[in-house]
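Colleague:
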Amino acid sequence: MANIFGIQLGSKFKSTKKIEAERSSLQSDYERFNTLAASDKLQRFQELDPLVHSGEFQKKVREYKRKEYKQSEEYHQIKEHKALSKDKDLKWYQATKRNYPFKELEKWELTFEDDFDSARLDSSKWMTSYYWGKALMNDSYVLAGDKQNFSDNNIELRDSMARIHLRKEESKGKVWDTTHGFLIHPFAYSSGLISTSQSFRQKHGRFEAKIRFSSAWPLLHAFWMVGESMTPQIDIFKTSFRKNSLVECGLHTGEKEQKSSKMRKINGAKFAGNFFIYSLDWSPESLIWCINGKEVHRQTNNIPQESMYLTFSTTLPAEPKDKQVPGLMEIDWVRCYRKKD
777 MANIFGIQLG
787 SKFKSTKKIE
797 AERSSLQSDY
807 ERFNTLAASD
817 KLQRFQELDP
827 LVHSGEFQKK
837 VREYKRKEYK
847 QSEEYHQIKE
857 HKALSKDKDL
867 KWYQATKRNY
877 PFKELEKWEL
887 TFEDDFDSAR
897 LDSSKWMTSY
907 YWGKALMNDS
917 YVLAGDKQNF
927 SDNNIELRDS
937 MARIHLRKEE
947 SKGKVWDTTH
957 GFLIHPFAYS
967 SGLISTSQSF
977 RQKHGRFEAK
987 IRFSSAWPLL
997 HAFWMVGESM
1007 TPQIDIFKTS
1017 FRKNSLVECG
1027 LHTGEKEQKS
1037 SKMRKINGAK
1047 FAGNFFIYSL
1057 DWSPESLIWC
1067 INGKEVHRQT
1077 NNIPQESMYL
1087 TFSTTLPAEP
1097 KDKQVPGLME
1107 IDWVRCYRKK
1117 D
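Take 777 as the starting number for the sequence shown in the working numbering and just add one per residue.
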């Protein structure tokens, strides 16, 4: 209960459960609206409504004698119209049509999603190593300075979630060193990575995921995007600080000596131990980062203009404390959208 109340009362972000309930309700209403729009019931009302209000129809009704009127087609049409006018579904449809809350929903089309409902990771969507390791040598590697190796054994699907585990276990693996190339190195820790580098890339759109992580730095949990080169790289979120109430997001550009990062530190909630929806809206003019629908950062210069893929990873740039291991990042779902033309 403490975590629940912490989010509701101690956070500047709307509750994740409330966000998802609102989205689910809007989607249900949209489906209901479209079902009614195509229904015979609505079509019949739309036929009858102008008819019974027409001058010619009303004139004909007035000309009937009482006995004749109750036997007439017009009488039954008026009776049917009155019943349809009181129909709860049609009244809801008419009110919703006037307000029409679906304009933003209709701007987007879904291009990629995974709810992780299967028994194992979908290999047609996800690979479990850095793209260039798979492309060049069909093997995994980590970067110089990382204290963890990557292992497929640390990727688990359970309870309709993808889980990336960080564990204390010894292994040997490849390390990429910019000076010496690939080297074999011993590791005391293992973790995991999943990416869409071989299955899905997109330029511009909305990219979001619902994520929870166990603890922050030096466990570097991250949701990020990159293309063919190391930069530009968009960090949708990562845990770069010791406090569990801090995350950051931003953009890395340039190469070598020209490399620069424009990052934004975000506070306002206890991020560790709680689910949040981390998202990026990327257009030709801007990058807009949001957490649970609330804008937390915006950039309008150096906007990437190349297709990128999604990556989720837990790395270890420094030695953790014993109480921080094992570590965990859980991904409940991932969704990507593109704006319709």
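We treat Cβ as the ideally placed atom computed from N, Cα and C, and that holds for glycine. Note that the coordinates shown come from a computational prediction; the quantities given were computed from them, not determined experimentally.
Given a threshold of 16 other Cβ atoms within 10 Å of its Cβ, counted over all protein chains shown, does Q803 qualify as buried or as exposed?
Modeller: Answer is exposed; the Cβ neighbour count stays below 16.
Colleague: Using 8 Å as the threshold, is the stretch 1064 to 1083 in touch with the stretch 976 to 984, meaning 3 or more CB pairs across them?
Modeller: Yes: at least three Cβ pairs fall under 8 Å.
Colleague: Helix or strand or just coil, what does DSSP make of S1062?
Modeller: Of the three classes helix, strand and coil, the one that applies to S1062 here is coil, per DSSP.
Colleague: Whose C-beta lies closer than 6 Å to the C-beta of S975 among residues of the same chain, with five residues either side of it excluded?
Modeller: Cβ within range, chain order: K901.
Colleague: Just verifying my parser: in three-state terms, what is the DSSP assignment at D898?
Modeller: DSSP places D898 in coil when its eight states are reduced to three.
Colleague: Would you kindly work out how many angstroms separate the C-alpha atoms of I854 and K862, rounded to a whole number?
Modeller: For I854 and K862, the distance between alpha carbons rounds to 13 Å.
Colleague: Just to confirm the assignment, what range does the beta strand (DSSP E) spanning A985 have?
Modeller: A985 -> beta strand (DSSP E) spans 981 to 989.
Colleague: Can you give me the Cβ contacts of P1096 inside the same chain, cut-off strictly under 7 Å, excluding the 5 residues immediately before and after it?
Modeller: Closer than 7 Å at the Cβ level, and outside the excluded window around P1096, lie P994, L995.
Colleague: Can you list, in chain order, the residues of its chain with a C-beta nearer than 8 Å to that of I795? Leave out the 5 residues immediately preceding and following it.
Modeller: Within the same chain, I795 has close Cβ partners I1053, N1068, G1069.
Colleague: Where does Q1081 fall in DSSP's three states?
Modeller: Reduced to three states, the DSSP call for Q1081 is coil.
Colleague: Determine the extent of the alpha helix (DSSP H) in which D825 is found, giving its start and end residues.
Modeller: Counting along the chain, the alpha helix (DSSP H) containing D825 begins and ends at 816 to 828.
Colleague: Within 10 angstroms of its Cβ, does H852 collect 16 or more other Cβ (buried), or is it exposed?
Modeller: Its Cβ having fewer than 16 others within 10 Å, H852 is exposed.
Colleague: Just curious, the beta strand (DSSP E) that A911 is in, first and last residue?
Modeller: First-last for A911: 907 to 913, but that is the alpha helix (DSSP H), not the beta strand (DSSP E).
Colleague: Three Cβ pairs or more, each shorter than 8 Å: is that satisfied between the stretch 1009 to 1026 and the stretch 1039 to 1050?
Modeller: Yes, they touch.
Colleague: By Cβ distance, which residues of its chain are closer than 7 Å to I960, with the 5 residues on each side in sequence left out?
Modeller: Hits under 7 Å: K948, K950.
Colleague: So H1028 is in the beta strand (DSSP E); what residue range does that whole segment cover?
Modeller: H1028 -> beta strand (DSSP E) spans 1023 to 1029.
Colleague: Would you decide whether P1008 is buried or exposed? Buried here means 16 or more other CB atoms lie within 10 Å of its CB.
Modeller: Result: buried.
Colleague: Using CA coordinates, which residue listed in T1090, K1115, R838, Q847 is at the minimum distance from S990?
Modeller: Answer by Cα proximity: T1090.
Colleague: Would you mind sorting E1024 into buried or exposed? The rule is 16 or more other CB atoms within 10 Å of its CB.
Modeller: Burial call: buried.
Colleague: By DSSP's criteria, A998 is part of a beta bridge. Which residues make up the other side?
Modeller: K1014, S1089, per the DSSP bridge assignment.
Colleague: Between which two residues does the beta strand (DSSP E) carrying Q1075 extend?
Modeller: From DSSP, the beta strand (DSSP E) with Q1075 extends over 1070 to 1075.
Colleague: Between P1060, E1031, E1061, R943, which has its C-alpha nearest M1105's C-alpha?
Modeller: With distances taken between Cα atoms, M1105 lies closest to R943.
Colleague: Quick check: V1110 and E889, are their CB atoms within less than 8 Å of each other?
Modeller: Yes, the pair counts as a contact, with Cβ atoms nearer than the cut-off.
Colleague: Helix, strand or coil for N1050, going by three-state DSSP, please let me know.
Modeller: Looking at N1050 - three-state DSSP - the assignment turns out to be coil, as it is neither helix nor strand.
Colleague: For the candidate residues S1021, M1084, A992, S1055, whose alpha-carbon lies nearest to that of K724?
Modeller: One cannot answer for residue 724 here, as it falls past the ends of the chain, which runs 777 to 1117.
Colleague: Mapping the DSSP letters down to three states, classify Y845 as helix, strand or coil.
Modeller: Helix.
Colleague: Look up H956 in the DSSP assignment and say whether it is helix, strand or coil.
Modeller: H956 falls in the coil class under three-state DSSP.
Colleague: Rounded to whole angstroms, what is the Cα-Cα separation between T1087 and M903?
Modeller: Going from the Cα of T1087 to the Cα of M903 covers about 9 Å.
Colleague: I believe H941 touches P1102 by the beta-carbon criterion, under 8 Å. Please report the beta-carbon distance rounded to the nearest angstrom.
Modeller: At roughly 6 Å, the Cβ-Cβ gap stays under 8 Å, so H941 and P1102 are in contact.
Colleague: Please determine, among L812, Q1100, Y917, the residue with the shortest C-alpha to C-alpha distance to K1019.
Modeller: Checked all of L812, Q1100, Y917; the closest Cα to K1019 is Q1100.
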